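Enquirer: Quick one: structure below, then a few questions.
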């Protein structure tokens, strides 16, 4: 299969409409239909059901959609890493570190300082992102290394080193009755009718059902909490640099969060190796 065919198929499978997929790809519909038909004949199976009510995926098509996305991500990752290696060869080496905005701020600052003091250290470009996005950046080659947080982030398929384990706190608006308590339990936090927990987008970009507000980044979350529209349970390090209109209370029975540094197992980057060494030495 060619990457062009995979891109065509993914567009149709996601749009479930040949016309919209053709417009998205910037091509005419007839060659798109011929390409999908040729792919089905070569694979010996029907990938898409065409009917008067539209297009739907067959079981085989659903499998190919999942595999095609992974294959195209791998191709794009290879392109990005190759370009970065080419820049390194011309004397402009750099490593991209992905980290969740608002999390592990103190650890990140110490890590950058420690690595900068290493002989042969290169420029570290920090990519701050929303929850769960670090994994996606590692997979598609936009990041070389990342700080992830178990049990929230998926570390499957990466090499990792554990750096730090901590409890969790609930972030509340200043003046809330629970804010005066030395500690709370998770059931008390999840049962607050006036301060629902936020809803973060999943891997597919959609939000789960629930009463809480839809949140995409740390700045938006803290603003909503300060306005009395939400609360959030976060790692204890999240209280560092907390705004004056917010307060943090330890959650006694919340799961501990372990921060790990992760990188693709096939990485041969000396910069990544140096960054991992600096992190584990902290």
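Numbering (the numbering used here), first residue to last: 1456 to 1737.
Glycine included, C-beta positions come from ideal geometry on N, C-alpha and C.
It should be emphasised that the depicted structure is a prediction, and the values quoted were computed from it without experimental measurement.
(1) How many angstroms separate the CA atom of residue 1475 from the CA atom of residue 1598?
(2) How close, in whole Å, do the beta carbons of residue 1679 and residue 1666 come, if the pair is a contact with beta carbons under 8 Å?
(3) What are the partner residues of residue 1614, as DSSP defines its beta bridges?
(4) Between the Cα of residue 1555 and the Cα atoms of 1568, 1579, 1576 and 1589, which residue gives the shortest distance?
(5) Rounded to whole angstroms, what is the Cα-Cα separation between residue 1715 and residue 1677?
(6) Looking at the secondary structure, which residues open and close the alpha helix (DSSP H) in which residue 1589 lies?
(7) Kindly indicate the opening and closing residues of the beta strand (DSSP E) around residue 1497.
(8) Measure from the alpha carbon of residue 1596 to the alpha carbon of each residue in 1660, 1551 and 1504, then state which is nearest.
(9) Helix, strand or coil, according to DSSP, for residue 1503 in the structure here?
(10) Can you tell me which residues form a DSSP beta bridge with residue 1710?
(11) With hydrogens ignored, establish whether the beta-carbon of residue 1610 is closer than 7 Å to any heavy atom of the ligand PLP.
(12) Would you grab the beta carbon distance between residue 1700 and residue 1685 for me? Rounded to a whole angstrom, and I think it's under 8 Å.
(13) Along the chain, which unbroken stretches of the alpha helix (DSSP H) at least 4 residues long are found entirely within the region 1612-1680?
(14) Quick one: what does DSSP say residue 1462 is sitting in, helix, strand or coil?
(15) Since residue 1731 is in the alpha helix (DSSP H), which residue starts that stretch and which ends it?
(16) Indicate whether the contact test is met: 3 or more Cβ pairs, each with one atom in the region 1608-1624 and one in the region 1706-1724, closer than 8 Å.
(17) Going along the chain, which residues of its own chain have a beta-carbon closer than 8 Å to the beta-carbon of residue 1459, five neighbours each way excluded?
(18) Of the choices 1627, 1641, 1602 and 1709, whose alpha-carbon is the least far from that of residue 1650?
(19) Does the pairing of the region 1626-1641 with the region 1689-1706 give three or more beta-carbon distances under 8 Å?
(20) Mind checking who residue 1565 pairs with in its DSSP beta bridge?
(21) Counting only the same chain and skipping the five closest in sequence on each side, list residues whose C-beta sits under 6 Å from that of residue 1604.
(22) Could you check whether residue 1527 and residue 1619 sit closer than 8 Å to each other, using their CB atoms as the reference points?
(23) If you run the structure through DSSP and keep just helix, strand and coil, what is residue 1514?
(24) What is the DSSP secondary structure of residue 1508, reduced to helix, strand or coil?
(25) When burial is assigned at 16 or more other CB atoms within 10 Å of the CB, is residue 1601 buried or exposed?
(26) Cutting at 6 Å between CB atoms, please list the residues of its own chain near residue 1531, excluding the five before and the five after it.
(27) Quick check on the burial criterion: 16 or more other C-beta atoms within 10 angstroms. Buried or exposed for residue 1734?
Expert: The relevant details are as follows:
(1) 32 Å
(2) Actually they do not touch by this definition, with Cβ atoms about 13 Å apart.
(3) 1718
(4) 1589
(5) 24 Å
(6) 1588-1594
(7) No beta strand (DSSP E) contains residue 1497, which is instead part of the alpha helix (DSSP H) from 1484-1498.
(8) 1551
(9) strand
(10) The partner list for residue 1710 (beta bridge, DSSP) is empty, contrary to what the question assumes.
(11) Inclusion of the ligand PLP in the displayed structure is not the case, the ligand content being empty and no account of it being possible.
(12) Actually they are not in contact, since the Cβ atoms of residue 1700 and residue 1685 sit about 14 Å apart, beyond 8 Å.
(13) 1641-1645
(14) helix
(15) 1725-1736
(16) yes
(17) 1490
(18) 1627
(19) yes
(20) DSSP, once it has assigned bridges, lists no residue as partnering residue 1565.
(21) 1712 and 1714
(22) no
(23) helix
(24) coil
(25) buried
(26) 1595
(27) buried
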